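Trainee: Top line first, the protein sequences correspond to chains A and B.
Residue numbering for the first sequence follows this note's numbering, starting at 3 and increasing by one per position.
Residue numbering for the second sequence follows this note's numbering, starting at 5 and increasing by one per position.
This is the structure I have questions about; it appears just below.
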Amino acid sequence: MNSLVVATTVTPETGEARPAERVDLRREFNEVGIGEVLDQLDRELIGLKPVKTRIREIASLLLIERIRKRMNLTSDVPTLHMSFTGNPGTGKTTVALRIASILHKLGFVRRGQVVSVTRDELVGQYIGHTAPKTKEILKKAMGGVLFIDEAYYLHRPDNERDYGQEAIEILLQVMESQREDLVVILAGYGDRMDKFFASNPGFRSRIAHHIDFPDYSDSELLTIAELMLHDMNYRFSPDARQAFIRYISLRKTRPLFSNARSIRNALDRMRLRQANRLVADLDRVLTADDIMSLEAPDVLASRVFLKNSSE
Amino acid sequence: MRVTQGCFSFLPDLTDEQISRQVQYCLGKGWAVNIEFTDDPHPRNTFWEMWGLPMFDLRDAAGVLMELNECRKVYGDRYIRMSAFDSSHGWESTRLSFMVNRPKDEPGFRLERHEVDGRNIRYTTKSYAVDRPEGTRYGGK
Numbered sequence: 003m004n005s006l007v008v009a010t011t012v013t014p015e016t017g018e019a020r021p022a023e024r025v026d027l028r029r030e031f032n033e034v035g036i037g038e039v040l041d042q043l044d045r046e047l048i049g050l051k052p053v054k055t056r057i058r059e060i061a062s063l064l065l066i067e068r069i070r071k072r073m074n075l076t077s078d079v080p081t082l083h084m085s086f087t088g089n090p091g092t093g094k095t096t097v098a099l100r101i102a103s104i105l106h107k108l109g110f111v112r113r114g115q116v117v118s119v120t121r122d123e124l125v126g127q128y129i130g131h132t133a134p135k136t137k138e139i140l141k142k143a144m145g146g147v148l149f150i151d152e153a154y155y156l157h158r159p160d161n162e163r164d165y166g167q168e169a170i171e172i173l174l175q176v177m178e179s180q181r182e183d184l185v186v187i188l189a190g191y192g193d194r195m196d197k198f199f200a201s202n203p204g205f206r207s208r209i210a211h212h213i214d215f216p217d218y219s220d221s222e223l224l225t226i227a228e229l230m231l232h233d234m235n236y237r238f239s240p241d242a243r244q245a246f247i248r249y250i251s252l253r254k255t256r257p258l259f260s261n262a263r264s265i266r267n268a269l270d271r272m273r274l275r276q277a278n279r280l281v282a283d284l285d286r287v288l289t290a291d292d293i294m295s296l297e298a299p300d301v302l303a304s305r306v307f308l309k310n311s312s313e
Numbered sequence: 005m006r007v008t009q010g011c012f013s014f015l016p017d018l019t020d021e022q023i024s025r026q027v028q029y030c031l032g033k034g035w036a037v038n039i040e041f042t043d044d045p046h047p048r049n050t051f052w053e054m055w056g057l058p059m060f061d062l063r064d065a066a067g068v069l070m071e072l073n074e075c076r077k078v079y080g081d082r083y084i085r086m087s088a089f090d091s092s093h094g095w096e097s098t099r100l101s102f103m104v105n106r107p108k109d110e111p112g113f114r115l116e117r118h119e120v121d122g123r124n125i126r127y128t129t130k131s132y133a134v135d136r137p138e139g140t141r142y143g144g145k
């Protein structure tokens, strides 16, 4: 190993050259620039503790792999195929986009593009249509990440002649033979993904990272709402903020609650109400502050509160 | 006789690694790469068959190599070439073309002399391979 010069670094404190086979991990870390991506992940994605931990782990492994590769300590390319499970609106797609840029920075995917598909884009409509269609998508995703949303739709257990099986077989083959060219991420709701993996054991074993996205807590949802509003150049008035805290706790108990997505939809409706409220009084002179702030009535007009008071 | 044509015809056959680099260059330029094959080696044969459609919107050469390997599996005993099509205004034509596969044995060409009007002679080159029907040349299936 002595003959392998990896990085001769000069430590700032002592100023003396270190032995050649040592690696300055911090410098490596900074050089690759993942710290920045991970920080961004921390800043822009609220909550999701287990997800962030796993991404950190993967990033660390990839960093070490990179150094090992340069020291000629060869090992197989780590399997990077992943499956994201979790309830609606927990940020699976958003994280998939981030993963692609992390993998790209670390040099594990060459181009870093994300090709996001669902069953429609992979499965054909008649015999002989599926294979070229799936391959077309795979070719486009080469060198990047293939994100298959709601992957369980590929498999239709009630119809044994379904062409989805053909797409699955091609996917499995490429996932195995071209691991260094392509990273496949499957995403979907937890229980249905479990069923999907149970009926396609090949998938489960080819995927190294199963990441479960937890639901958000009330305070996390509030932070998400405020982050979204900030991005849209809106803000809550103090009253509206209090009202929205109540809104979240009520909305959570309602059926079809889909985490951040419900919050985004709620905010969109509040923007509508705010606009309507402002337009109702045409003689009023508006300030930028008026246009930016959502008031308590905009929140309280929601159906969630109505239903609650009537019951 | 080793048939050559297109780009890199003075070089030894490209390795997959080299092919991959060339394809990546083409993709970087925004050209669509296309795979064609034939078993008629005559230099004036411009009608090569297409392997699938030209590949648009690719980012990485691995996708093209995947198709090339598929094509080799089926038509490994024929000539295969790649061409890169530039769709940008003013070009709208092939920018680069090179061979990526050739049969194991290439019997070469014979020269035929046609004796015409008086003592005039016209020449024709004809591949020995095309004496056999299409698909069975070069020891095909």
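A virtual CB, placed ideally from N, CA and C, is assigned to each residue, including glycine.
Fair warning: this is a prediction, and the values are worked out from it, not measured in the lab.
#1: For the segment 73 to 90 of chain A, which residues have a CB atom closer than 8 Å to at least one CB atom of chain B, in sequence order?
#2: Start and end of the beta strand (DSSP E) containing alanine 36 (chain B)?
#3: Could you tell me whether the segment 82 to 94 of chain B touches the segment 42 to 62 of chain B, using the rule of 3 or more Cβ pairs below 8 Å?
#4: I need the DSSP call for arginine 158 (chain A), collapsed to helix, strand or coil.
#5: To which residues of the same chain is glycine 91 (chain A) closer than 7 Å at the C-beta, ignoring the five residues directly before and after it?
#6: With a threshold of 8 Å between beta-carbons, can aspartate 64 (chain B) be considered close to chain A, or not?
#7: Identify, in the order they occur along the chain, each residue of the same chain with its Cβ nearer than 6 Å to the Cβ of glycine 190 (chain A), setting aside the five sequence neighbours on each side.
#8: Can you name the residues of chain B whose CB is closer than 8 Å to the CB of lysine 142 (chain A)?
#9: Can you pull the chain B neighbours of glutamine 1 (chain A), defined as C-beta to C-beta under 9 Å?
#10: Do valine 186 (chain A) and isoleucine 150 (chain A) have their C-beta atoms within less than 8 Å of each other?
#11: Taking DSSP as the reference, what is the three-state secondary structure of asparagine 105 (chain B)?
#12: Skipping 5 residues on each side, what residues in its chain have a beta carbon closer than 8 Å to that of aspartate 220 (chain A)?
#13: Which residue from B:Asp135, B:Gln22, B:Glu74 puts its Cα closest to that of glutamate 110 (chain B)?
#14: Buried or exposed: which applies to proline 242 (chain A), given that a residue is buried once 16 or more other Cβ atoms fall within 10 Å of its Cβ?
#15: Looking at aspartate 20 (chain B): is its Cβ nearer than 8 Å to the Cβ of leucine 69 (chain B)?
#16: Please identify the residue among B:Gly139, B:Lys130, B:Leu62 whose C-alpha is closest to the C-alpha of proline 107 (chain B).
#17: Serine 24 (chain B) CB to nearest chain A CB: under 8 Å?
#18: Assign valine 281 (chain A) to one of two classes, buried (16 or more other C-beta atoms within 10 Å of its C-beta) or exposed (fewer than that).
#19: Quick check on DSSP: helix, strand or coil for alanine 189 (chain A)?
#20: Along the alpha helix (DSSP H) that carries leucine 65 (chain A), what are the first and last residues, could you check?
#21: Using CA atoms only, rank isn't needed, just tell me which of A:Thr225, A:Ile170, A:Tyr236 is closest to leucine 50 (chain A).
#22: I want to verify the contact list: residues of chain B whose CB lies under 7 Å from the CB of glycine 145 (chain A), in sequence order.
#23: What number of angstroms, rounded off, separates the C-alpha of threonine 128 (chain B) from the C-alpha of arginine 99 (chain B)?
#24: Go through the segment 39 to 119 of chain B residue by residue and report every complete run of the alpha helix (DSSP H) that reaches 4 residues or more, in order.
#25: With a threshold of 8 Å between beta-carbons, can aspartate 26 (chain A) be considered close to chain B, or not?
#26: Looking at C-alpha atoms only, which residue of A:Ile60, A:Arg279, A:Ala290, A:Gln244 is the closest neighbour of asparagine 235 (chain A)?
#27: Are isoleucine 39 (chain B) and cysteine 11 (chain B) touching if we call contact CB-CB under 8 Å?
#28: What's the call for threonine 132 (chain A), buried or exposed, on a 16-neighbour Cβ count within 10 Å?
#29: Taking the continuous alpha helix (DSSP H) assigned at valine 281 (chain A), which residues delimit it?
#30: Is histidine 211 (chain A) helix, strand or coil when you go by DSSP?
#31: Using only the alpha-carbon positions, how far apart do serine 305 (chain A) and arginine 237 (chain A) sit?
#32: Look up tyrosine 142 (chain B) in the DSSP assignment and say whether it is helix, strand or coil.
#33: Would you say arginine 208 (chain A) reaches chain B, if we count a Cβ-Cβ gap shorter than 8 Å as a contact?
#34: Use the C-beta contact count for leucine 184 (chain A): other C-beta atoms within 10 angstroms, 16 or more gives buried, fewer gives exposed.
#35: Since I believe arginine 266 (chain A) is in contact with methionine 230 (chain A) (beta carbons under 8 Å), could you give me their beta-carbon distance rounded to a whole number of angstroms?
Mentor: Taking the geometry as given:
#1: none
#2: Taking the first residue of the second sequence as 1, we reach residue 36 (chain B) at position 32. Its beta strand (DSSP E) spans residues 36 to 42.
#3: yes
#4: Stepping through the first sequence from its first residue, residue 158 (chain A) is reached at position 156. Here arginine 158 (chain A) sits in coil by DSSP.
#5: Taking the first sequence and counting its residues from 1, the one referred to as residue 91 (chain A) is at position 89. These residues qualify, in order along the chain: Ser260, Asn261, Ala262, Arg263, Ser264.
#6: Numbered from its first residue, the second sequence carries residue 64 (chain B) at position 60. Yes, aspartate 64 (chain B) counts as interfacial toward chain A.
#7: Indexing the first sequence from 1 puts residue 190 (chain A) at position 188. Result list for glycine 190 (chain A): Glu152, Ala153, Tyr154, in chain order.
#8: Position 140 of the first sequence holds residue 142 (chain A). The contacting residues are Asp61, Leu62, Arg63, Gly67.
#9: A query on residue 1 (chain A) cannot be resolved here, the shown segment of chain A reaching from 3 to 313 and no further.
#10: Position 184 of the first sequence holds residue 186 (chain A). Position 148 of the first sequence holds residue 150 (chain A). In this structure, isoleucine 150 (chain A) lies closer than 8 Å to valine 186 (chain A) by Cβ.
#11: Reading the second sequence from its first residue, position 101 is the one you call residue 105 (chain B). If DSSP states are grouped into helix, strand and coil, asparagine 105 (chain B) belongs with the strands.
#12: The count along the first sequence starts at 1 and reaches residue 220 (chain A) at position 218. Within the same chain, aspartate 220 (chain A) has close Cβ partners Ile247, Ile250, Ser251, Lys254.
#13: The residue labelled residue 110 (chain B) in the question sits at position 106 within the second sequence. Closest by alpha carbon: B:Asp135.
#14: Position 240 of the first sequence, counted from the start, is the residue given in the question as residue 242 (chain A). At residue 242 (chain A) the sequence reads alanine, which differs from the proline that was named. Alanine 242 (chain A) is buried by the Cβ-count criterion.
#15: Translated into positions along the second sequence, residue 20 (chain B) becomes position 16. Translated into positions along the second sequence, residue 69 (chain B) becomes position 65. Note that the C-beta distance between aspartate 20 (chain B) and leucine 69 (chain B) is below 8 Å.
#16: Your numbering for residue 107 (chain B) matches position 103 in the second sequence. Closest by alpha carbon: B:Gly139.
#17: In the second sequence, counting from the first residue as 1, residue 24 (chain B) sits at position 20. No, because no Cβ of chain A sits closer than 8 Å to the Cβ of serine 24 (chain B).
#18: Locating residue 281 (chain A) in the first sequence gives position 279, where the first residue counts as 1. With fewer than 16 Cβ atoms within 10 Å of its Cβ, valine 281 (chain A) is classed as exposed.
#19: For this step, residue 189 (chain A) is matched to residue 187 along the first sequence. In this structure, alanine 189 (chain A) counts as strand in the three-state DSSP scheme.
#20: Translated into the one-based positions of the first sequence, residue 65 (chain A) becomes position 63. Element bounds for leucine 65 (chain A): 51 to 72.
#21: For the purposes of this step, residue 50 (chain A) is taken as the residue at position 48 of the first sequence. Nearest option by C-alpha distance: A:Thr225.
#22: Counting from 1 along the first sequence, the entry for residue 145 (chain A) is found at position 143. Near glycine 145 (chain A) (Cβ distances below 7 Å), the residues of chain B are Arg63, Asp64, Ala66.
#23: On the second sequence, position 124 is the one that residue 128 (chain B) refers to. On the second sequence, position 95 is the one that residue 99 (chain B) refers to. Near 30 Å, if we compare the C-alpha coordinates of arginine 99 (chain B) and threonine 128 (chain B).
#24: 65 to 79
#25: Position 24 of the first sequence holds residue 26 (chain A). Not one chain B Cβ lies under 8 Å of aspartate 26 (chain A).
#26: Position 233 of the first sequence, counting from 1, holds the residue named residue 235 (chain A). Of the candidates A:Ile60, A:Arg279, A:Ala290, A:Gln244, A:Ala290 places its Cα closest to the Cα of asparagine 235 (chain A).
#27: The sequence position of residue 39 (chain B) within the second sequence is 35, counting from 1. The sequence position of residue 11 (chain B) within the second sequence is 7, counting from 1. Against a cut-off of 8 Å, the Cβ pair of cysteine 11 (chain B) and isoleucine 39 (chain B) comes out as no contact.
#28: For this step, residue 132 (chain A) is matched to residue 130 along the first sequence. Buried, since its Cβ has 16 or more Cβ neighbours within 10 Å.
#29: The sequence position of residue 281 (chain A) within the first sequence is 279, counting from 1. Segment 261 to 282, the alpha helix (DSSP H) holding valine 281 (chain A).
#30: The sequence position of residue 211 (chain A) within the first sequence is 209, counting from 1. In this structure, histidine 211 (chain A) counts as strand in the three-state DSSP scheme.
#31: Working through the first sequence from its first residue, we reach residue 305 (chain A) at position 303. Working through the first sequence from its first residue, we reach residue 237 (chain A) at position 235. In the sequence as presented, serine is not what sits at residue 305 (chain A); that position holds arginine. C-alpha separation (whole angstroms): 21 Å.
#32: Taking the first residue of the second sequence as position 1, residue 142 (chain B) is located at position 138. Tyrosine 142 (chain B): helix per DSSP, three-state reduction.
#33: Counting from one through the first sequence, the residue named residue 208 (chain A) turns up at place 206. With 8 Å as the cut-off, arginine 208 (chain A) does not count as an interface residue toward chain B.
#34: Here the question's residue 184 (chain A) lines up with position 182 in the first sequence. By the 10 Å Cβ count, leucine 184 (chain A) comes out buried.
#35: For the purposes of this step, residue 230 (chain A) is identified with residue 228 of the first sequence, where counting begins at 1. For the purposes of this step, residue 266 (chain A) is identified with residue 264 of the first sequence, where counting begins at 1. That pair is a contact at about 6 Å.
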